[in-house]
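So the sequence shown is numbered by this note's numbering: it starts at 1 and just counts up by one.
Working notes for the structure below.
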Amino acid sequence: MTDINKLIERLGRKAYRREAPFEPFGTCDVPCDADDYGAEEYLINPDGPEAATALQTLKEENERLRHDIARHMEIANSEANRGEKLLAENERMAEALRRCADIVERHLYLQSEKVEDVRHIACASLPKETDNA
1 MTDINKLIER LGRKAYRREA PFEPFGTCDV PCDADDYGAE EYLINPDGPE AATALQTLKE
61 ENERLRHDIA RHMEIANSEA NRGEKLLAEN ERMAEALRRC ADIVERHLYL QSEKVEDVRH
121 IACASLPKET DNA
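Take a look at the structure:
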C-alpha cells in the first residue's frame with residue numbers, strides 16, 4: 001500500500017518556475033524555488049489531481065472489498081464447520097436408525113415365529129375331520 005501512497009503523492013507534486021531573460025529571444029521559463037521572486041506554482045503532471053483522486057478512490061474500494069471478502073470467508077468457514085457438524089450428526093442418526101430397523105426386524109421375526117407356533121398349537125388342538133359322510 002505504501003507504493004500507492006507514494007504514487008498518489010507524486011501525482012499531486014508541484015514545481016515552481018519564473019521568467020528569465022533569454023537573449024536574444026526575449027524571456028523563457030526556468031525552474032526556481034518556491035520563495036524566488038516571481039515564482040509561479042504549476043503541476044508537474046496536469047492530470048495529477050484527478051488521477052490521484054481516482055487512485056485514492058480505487059484504493060479505498062480495494063480495502064472495502066478485502067474487508068468484505070475476509071468477512072464472507074469467515075462466514076463461509078463458519079457455515080462449513082456447521083455443515084460438518086450436521087453431517088456428523090446425520091451419520092450418528094443414520095446409524096441409530098439402522099440399529100432401530102434391525103431391532104424392529106428382529107422383533108417382527110420373533111412375532112411371526114410366535115404366530116406360527118400358535119397356529120401349529122391351534123391346529124393341533126382342533127378335532128380332526130373324518131370322512132364318514
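Using N, Cα and C, we set each Cβ at its ideal position, and we do this for glycine too.
Beta-carbon proximity list for residue i, same chain, < 7 Å, skipping 5 on both sides
i, result
"ASP102", "none"
"TYR42", "LYS14, ALA15 and ARG17"
"GLU40", "TYR16, ARG17 and ARG18"
"LYS59", "ILE4"
"PRO21", "THR27"
Rounded distance between the beta-carbons of residue j and residue i, thought under 8 Å
i, j, result
"ALA52", "ILE4", "The Cβ separation is near 10 Å, so there is no contact."
In DSSP terms, what residue i is bridged to
i, result
"CYS28", "ALA20"
"LYS14", "LEU43"
Spatially closest choice to residue i from the options, by CA coordinates
i, options, result
"ALA34", "ALA20, TYR16, GLU23 and CYS28", "TYR16"
"ARG19", "GLU91, GLY38 and ARG92", "Sequence check: residue 19 is Glu here, not Arg. When each option's Cα is compared against that of GLU19, the closest is GLY38."
"LEU11", "GLU84, GLY48 and PHE25", "GLY48"
"ILE44", "PRO31, GLU79, VAL104 and CYS123", "PRO31"
Proximal residues to residue i (C-beta, below 8 Å), its chain only, five neighbours per side dropped
i, result
"ASP36", "TYR16 and ARG18"
Legend entry - Minimum length 3: unbroken beta strand (DSSP E) runs contained in the region 31 to 108: 40 to 43
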